[in-house]
Structure formats: structure tokens, C-alpha cells
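Those protein sequence lines, which keep their order, are chains A and B.
Residues 3 to 406, numbered by the numbering used here, are exactly what the first sequence covers, in order.
Residues 3 to 406, numbered by the numbering used here, are exactly what the second sequence covers, in order.
We put the CB at the ideal spot given by N, CA and C, even for glycine.
The next block holds one structure in the form of C-alpha cells; read it before the comments.
There are 2 protein chains.
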Amino acid sequence: MELSQRGRLMPASPIRRLTPLADAAKARGTQVYHLNIGQPDIPTPPEMLDALRNFREPVLAYGPSSGLAETRAAMAGYLQDLGWPIAPSEVLVTEGGSEAILFAMNAICDTGDEILVFEPFYTNYSGFACMAGVTLKAVETRVEDGYHLPAREVIEAAIGPKTRAILYSSPGNPTGTVFTPAEVAMLVDLAVKHDLYVIGDEAYREFAYDGRTATGVLGVASEAGAMDRAILIDSISKRFSACGARIGFLVTQNAGVLDAALRFGQARLCPPTLEQYAAVAGYGLLQKYVPPMIEEYRRRRDTVMAGLRRIPGAVCAVPEGAFYVQPRLPVGDADAFAQFLLNDFSVDGRTVMVAPGNGFYATPGKGREEIRIAYVLKEADLDVAMGLLVRAVETWNARRADAT
Amino acid sequence: MELSQRGRLMPASPIRRLTPLADAAKARGTQVYHLNIGQPDIPTPPEMLDALRNFREPVLAYGPSSGLAETRAAMAGYLQDLGWPIAPSEVLVTEGGSEAILFAMNAICDTGDEILVFEPFYTNYSGFACMAGVTLKAVETRVEDGYHLPAREVIEAAIGPKTRAILYSSPGNPTGTVFTPAEVAMLVDLAVKHDLYVIGDEAYREFAYDGRTATGVLGVASEAGAMDRAILIDSISKRFSACGARIGFLVTQNAGVLDAALRFGQARLCPPTLEQYAAVAGYGLLQKYVPPMIEEYRRRRDTVMAGLRRIPGAVCAVPEGAFYVQPRLPVGDADAFAQFLLNDFSVDGRTVMVAPGNGFYATPGKGREEIRIAYVLKEADLDVAMGLLVRAVETWNARRADAT
């Protein structure tokens, strides 16, 4: 009984594939600080949970394939407040941002087509590309540059006859990089010049620090007269700390893409009904809920950076947004190091879990010395976790020195 | 800006694509009886809605990609009670049965591979096949045979070098047909002989009437020593009248398929968290909730059949299960007739919506005179709706006669 090629090639999530090792550590009584996964500990707004509890229909029924009218209107209103001329009919509610990515890829790519990405990139782009038969053509960004874009000609050289789109996340997962207006404008301009779509994954839009504002693909495309090329991927998961709701959005003014995505959506019938009401409640709380949360994450970022600075040889720019940082650590093989953390390391019965950085690259061998840290724990816990990481690097390198 | 080939070819749902016409009819003040979509009016068990309301965690967090442990255990326990030796680790929770179908296709097929289906079949198989680049090879079943399977040699003749699986639903959507043990055994035997997977979509398992019991693919495969070939698709949508929950299952003892499906699942992170608790509550209510519901549907089936018998020339066997019937009506073009119902027909401000039958076929031209009726309304409403349908056929045929 053979599997398909894509069934064999489909990558395991680098964020989740070490989970069995973490489970084993926990079974041994070790406390594991999870810095591997972007699951915030910030409470979901109680008003959103109330919206779930206040559901009073007798039947938990299918909703429209495109999402509930009130949810589409809430998302469109939010985007309008950002200054972008989006109608509710241009918003498709999806099963998380995940499904929006898959729908976008399927709508514009056939098997063998290429999408240009910047590595390191959100690892699940690889998974969706594998499912869709799409090749990710990766342009490298470097930790030394704070993972900002390389020169235009470097990006342009990667665009070929099979390239259909440029896909990026900003604020970036796993980089924490917030692309400047000039960077986003360059990507949109390249899309116009080479007849491509440009897909902006902006699930972390509000997560920008030190006075920054994230530049939106719809805003730039609108100014450039290129709205038919722009596809926005969005989600309530991080904005409202509601990852388990599985509510995302695909937003575009390209009628063909929207129609194709809707037909993909009809096949799976509808996104979860109940959580769409919670999403509506969430968008009404934006001004109250989000700013204090961002300030909390800014403090956490500073805690993580203070820890990283205690690791001699660690390379990392201060992250500008999202809640990730992808440092290069002097550990040789970061994948082996991440396994060591779970298998062979603990201090006072505690250890830390991180995501190996190579899983965020398409190019084999890249990111070998990098890890991704998600700063989703309280400052006090983060402080302990970073202390464990500092000790672990010392222990790991002492062992490596002994072995040679 | 071009779409992909699959973006262009992706079929609109025949169940949902006439919705704009229905919306227009409603805007004109016409009451529309929805027989087009399998959205039951049966209340979701209040205990399941309570389970949703009783969620007390402060964070609506990601769950495991494979589903919550308690949900997998509840589903495995349910299958064990049916006599099938399934462990919780062999159950993957999916975003509805829909996602389970897509994962199964992706795990075993690459672009250009074929899956054998029996037409008329659940229309969304076409959509998922389009997304996955899979060709559906359709073997015809006939309304005159109650949509039971043709002879073994007819099915065998459709199996070719690219065939990877046989996919069927029983109790059947849109046919209402419950395959006999001999029919399921034949499919499993063909799978063994030709080295195929056999995918049983059993979302309507309990919906079998007149003393019938639906034969399960896992039971037959277990007896045949072919468990590594069997993939079960299941869902809580119909069993617990919880379509909007989007909780389904992929169940298999084939470790490779399970592992590939889990990796597809990791890319989309997790199914909705909250509704998985509702599912656990549901499985505890099976004996209390399901039998009276099935008796209610049996009465509705009889109401629909009584109506169909009033249409001269209608051809239809008494459905044995599920809550659909796919009759052939003497209306020429059933798609035009379905549009007529919404655009140009009403009695006392009321009309009825049905799904054109051709959307349930892969072969162009087939099912042209058929419609699918979902008997998901109360008997009194169904009675009115069927009366409207009887009148509509008369009116439609009188108009057609006038036009010639």
C-alpha cells in the first residue's frame, strides 16, 4: 500500500514534530517551558468567550460557505478603519489563516508552479505548497540584516516563467521583522512588472514595537493601482489570542481569485459557525484589548533579548514585531540541540522547548544553527526559560568540546 | 491576472450555487422551503451546547493537530462498540468529514491519479478531487436499481493502472442507498485484488431504515484481513445535528496514511478546539438521542415518497438510509426546473428549493432529469413543500407544452 509522493514528502511541522520528546520529558516529571509554538498565554477577551456562551439557537447549523454576513462585515469594517477600501463581499472567512493560504495557492497555482518566498519563512507554507503541488522558490534573508529584504535585483533574479506570486509575512513569523513601506512597495512593484500576485500574510499586524506601524499589502497595492494583484491573509488567532477558534480571512479585490476561493470553500461547506460570532465580538474590542497586549509582548521581547545577549556568539537583531525571534546560536546543529533540551537536559527539573530553525527554510542545510523562540509566556516564566537556554548552550558546548 | 486551471475548473456546489436565486426570491417576500441542503432542523443535543457553554479555560488555545485526546478516545470507543478494533491513536480529528476526504486523497494520490466512485455521488468529492488534482473515475448506478452497485465485472472494468482507491458513501448521499454486506465485501475484495485503498464515507451510519444496519468498511476489512487498505471518513454533523461544529474524523490502521494525514493536519495546526468537547458530550448521548431522530427521519422519508408518488412519471426507489432521495422527474432539464422554482414559481407566496441532480455526476449529461431532495424539514413543512413540488412539475410541464 503505497503513499502518494506528496504524502511521503509532506514535512512534519518543525514546531510540533519534537512534541513526542516533550511528552516523554513531562512523563519523567520534567517541567517544559514551551517556546516552540506561537500559543499565547494571554487570556482571550472574556467578551469573546461570552459570545460563544450566548449562542441560543437550537441547532448548531451550517453557515454560509463565505462566512457569516456579520463576521465579513466586522472584518471589512476593521480593514476600512485601516484606510483600505474593502467591502464585506471581498472578505472570505476561512478555517484559520491556514486555509486562506491553501485557497490562495490553489486559486492561482497548478502543480509545478512556483511561489517566491523569503527564507526563513512561516514553516507551514511548505506544507501547503506540498499539498498544492507548488514549488517554493526561496530568496534568502539574513539574521545579520535583521531578516530584511535583499536588493531588488536579488529578488528579481529569482522570478522565473513559472513564478505566480510573491508570498511573505510581515510582521514576520519566524523573523519578527516588520517590512518597511519601501520593502512592501518594492514587492508590489515587482508583482506588477512580472505579472504576479502578491500575498501578504498579516496575522500579526498589530504586533509592531517601538513606534512602528506594519505596512499592509492592501494599502500599498491600493496606492499603486494594483489591487487586483493583492491577496491578504489574516486571522483572529493572535490578535485576540484565540488560536483554537480557527477563524481566518482571505481578502482580495480580484474577483476571479475570490470566486475560486469561494468555490473551494463550498466544497468544505463552511468555517466553524460559533467562533464567527466570537470574532465579531473581538473586533468590537480592538482598541481596548490590543494596545495593552502589544505592550506586554514588547516587554517579553526585551526579556528574551536580555537572555540571548547572555549567550556568547549568539547573533540576533532586536525583533521589530510579531512574537518570534530567530537567533543564530553557537550550537553547531540546532536540531540536535533542540532534541538535547528535551532528552538530556534539565535544571531543577525544568527545561525549555524551542523549534529548530532549519524547518523554516526551503533550502537544505540553511538555518542549521538557528532556533525559533516564541515569546508567549509571562515575563517571569520567560526569564526562567531564557536562563535555562543560556545554561543549556553552555552544557551542550561543554559536551561537544569533551567529545572532540 | 490568470487563475490556475484548478481555480477555473473547480465546480460550484450544486447544493449552494442557486442560493443567489433563493435570496432574490426571499427578497421578493417568497417563503422558500429548503430541500436543497442537508441542514437538519433537528435540535442539536442541549448537552452538547452546554459543553460548549461550559468551557472555562481563559485561553481558547490550539489543540493537538491530531485532535484532543478525549475526542479521539470518544470516537474510538464508539467504533469499538460497533465491534471494530480501533485505538484512539488510529483516529484523527478533522475539520469536518470534508477535510478527512481531502487528507485521504492527498495521502494516497498525486496529480493525475484516479479514484473510482459510483455516480451519483456526494458532489463535494468533485471539489476535493479538483483541489488535489485527482481524476474521479465514475461507475454509473441507476435509479431503477435503487442506486445499488452494478455487477462486479462492470466495476472491475473501470479500474486502471492509475486507480488508487475506491470511494463510496453508504448510507448514500445523494442516493439514500444502504449498501448490503455483500456489496461492501465486493468493494473490499476488489481493493485487495487490485492493490487499492477503499474509503468508506459513513457520516450517515445510523440513518438506516426498516430494520437495516449499515455495513461498515472497517468491519468488512477487519474480517477480510484488509485493514491496511481501509480508510473511514466520519463526522458528527448529521449524527448529532451539529453541522456547524466542523468536527469530522479520518480513521485508519494504515500507519503510513495516518502519519501523512497527521502531517497534513500539522500544517493547518488543529481542528476547532471548543467543538471537540461538544463531540465528546455527543457520543455519551448516542443511545438516547439517535434512535428517536432516526424514527423522525423515517417518517419524513415516507412523507417525501408519498409526495413523489403524486408526480406522474417520477422514478424513485424507496430510500433505505441517509436523508436524501434522488428521483428522476419528468421535467426535461432539472437544472432549469430548479431555477424555475426560485425565479418564476410560487403558490400563496411559497416555493421550494432543490439541488439539480447533474451536479452529483462526473459524467457530463448524466442526471439531467434528476433532483436531490434532502428531507430535513418537519413533516408538516415537508408535506407543504412536496405539494409545491407536485404543482411545480405540472406548471413547468404545461409551460413546456405551450412553448412547443
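Sequence-distant partners of residue 363 of chain A (beyond 5 residues in either direction) whose C-beta falls short of 6 angstroms from its own C-beta, in its chain, are 121, 122 and 369. The three-state secondary structure of residue 82 of chain B, taken from DSSP, is helix.
The three-state secondary structure of residue 352 of chain A, taken from DSSP, is strand. A buried status is given to residue 283 of chain B, since no fewer than 16 other beta-carbon atoms sit within 10 Å of its beta-carbon.
Contacts with chain B (Cβ-Cβ distance below 8 angstroms) from the region 84-99 of chain A involve 97 and 98, listed in chain order. For residue 267 of chain A, the enclosing alpha helix (DSSP H) starts and ends at 257-269. The alpha-carbon separation between residue 80 of chain A and residue 285 of chain A amounts to approximately 7 angstroms. If you draw a straight line from the Cα of residue 245 of chain B to the Cα of residue 168 of chain A, it is about 36 angstroms long. Taking CB atoms only, residue 43 of chain B has a neighbour in chain A less than 8 angstroms away. By alpha-carbon distance to residue 251 of chain B, the top candidate from B:110, B:353, B:106 and B:87 is B:106. Interface with chain A (8 angstroms Cβ-Cβ cutoff): residue 141 of chain B is excluded. Separation of residue 306 of chain A and residue 270 of chain B (C-alpha to C-alpha, rounded to the nearest whole angstrom) is 27 angstroms.
Here the alpha carbon of residue 143 of chain A sits roughly 19 angstroms from the alpha carbon of residue 315 of chain A. Burial check for residue 259 of chain A: the Cβ neighbour count within 10 Å reaches 16 or more, so the residue is buried.
Listed along chain B, the residues sitting closer than 8 angstroms to residue 130 of chain A by beta-carbon distance are 269. Contact with chain B is absent for residue 362 of chain A, since none of that chain's Cβ atoms lies less than 8 angstroms from the residue's Cβ. Counting only residues of its own chain and dropping the five nearest sequence neighbours on each side, residue 230 of chain B has a CB closer than 7 angstroms to the CB of 255 and 256.
For the pair of segments examined, the region 155-174 of chain B was found to touch the region 193-211 of chain B: the number of CB pairs separated by less than 8 angstroms reaches three. Nothing from the region 298-332 of chain A brings a Cβ to less than 7 angstroms from some Cβ of chain B. In terms of Cβ geometry, residue 328 of chain B and residue 372 of chain B form a close pair [threshold 8 angstroms]. Excluding the 5 residues flanking it on each side, residue 190 of chain A has same chain C-beta neighbours closer than 6 angstroms at 200, 222, 223, 226 and 228, in chain order. Between the region 383-400 of chain B and the region 294-313 of chain B, the count of C-beta pairs closer than 8 angstroms reaches three or more; the two stretches touch.
In terms of beta-carbon proximity, residue 191 of chain A stays away from the interface with chain B, with every pair separated by 8 angstroms or more.
Where residue 368 of chain B is concerned, there is no enclosing beta strand (DSSP E), because DSSP gives it neither an H nor an E.
In the DSSP assignment, residue 358 of chain A forms a beta bridge with A:373. Looking from the CA of residue 335 of chain B, the closest CA among B:304, B:249 and B:367 belongs to B:367. Distances from the alpha-carbon of residue 188 of chain A to those of A:236, A:218, A:235 and A:346 put A:218 closest. Across the structure, residue 148 of chain B and residue 176 of chain B are spaced so that their CA atoms are roughly 12 angstroms apart.
When CB distances to chain B are screened at a threshold of 8 angstroms, the residues of the region 244-259 of chain A falling below it are 244, 245, 246, 247, 248, 256, 258 and 259, in chain order. Excluding sequence positions up to five before and after residue 397 of chain B, its CB lies within less than 8 angstroms of the CB of 347, all in the same chain and listed in chain order. At a cut-off of 3 residues, the continuous stretches assigned as beta strand (DSSP E) that sit fully inside the region 101-187 of chain B are 116-121, 137-142 and 165-171.
In this structure the region 376-384 of chain A lies against the region 42-61 of chain A, because at least three pairs of beta carbons, one per stretch, are closer than 8 angstroms. Residue 382 of chain A has its alpha-carbon roughly 46 angstroms from the corresponding atom of residue 165 of chain A. Close CB contacts of residue 240 of chain B within its chain, under the 6 angstroms cut and outside five residues either way in sequence, are with 205 and 206 (chain order). Within the same chain, and ignoring the five residues on either side of residue 216 of chain B in sequence, the residues whose Cβ sits closer than 7 angstroms to its Cβ are 172, 173, 180, 204, 207, 210 and 323. The Cβ-Cβ distance between residue 72 of chain B and residue 273 of chain B does not fall below 8 angstroms.
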